[in-house]
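Note sheet for the following structure.
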Amino acid sequence: MCIAGLGVLFHRLRPTTNIPGIDGATINALRKKMHQLGIDIGGINPGEELPRPRIYPALESVDFKLFKCILEGTIGSHADGEFKLWV
């Protein structure tokens, strides 16, 4: 489980590895240390990247407009306008 979480961070940092200067070098060094940790305690093959788990695949297709309405406690109705979800 620890390596799965590490893999999420490892892959989320990938787009930032091309940043020039000390920031990019620091991120690259961090990713190398993360990979080494995966090798040391997670049984990752040195020639492979860390796993890239899909932690919340349902969020890839969520309707965020509807989700926002639910969090606000209202939802629109074509017939009645808005009404409260929470009573």
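So for the sequence shown, our numbering puts the first residue at 69; every next one is plus one. Backbone N, C-alpha and C fix where the C-beta goes; we use that ideal spot for every residue, glycine too. For clarity, every value in this text was computed on a predicted model and none was experimentally measured.
Under 7 Å Cβ to Cβ from residue i, same chain only, skipping five residues before and after it: list those, please.
i	result
G106	I71, L74, I112 and L118
H79	R120
Have a look at the options and flag the residue whose alpha-carbon is nearest the alpha-carbon of residue i.
i	options	result
L98	I109, R82 and D108	R82
V76	F132, K133 and P121	P121
Whole angstroms are fine: how far does the CA of residue j sit from the CA of residue i?
i	j	result
I90	L134	42 Å
N86	K100	14 Å
Skipping 5 residues on each side, what residues in its chain have a beta carbon closer than 6 Å to that of residue i?
i	result
N96	T85
Quiz prompt | contact_flag[the segment 131-138, the segment 105-121] where n(CB pairs < 8 Å) is 3 or more | solution = no
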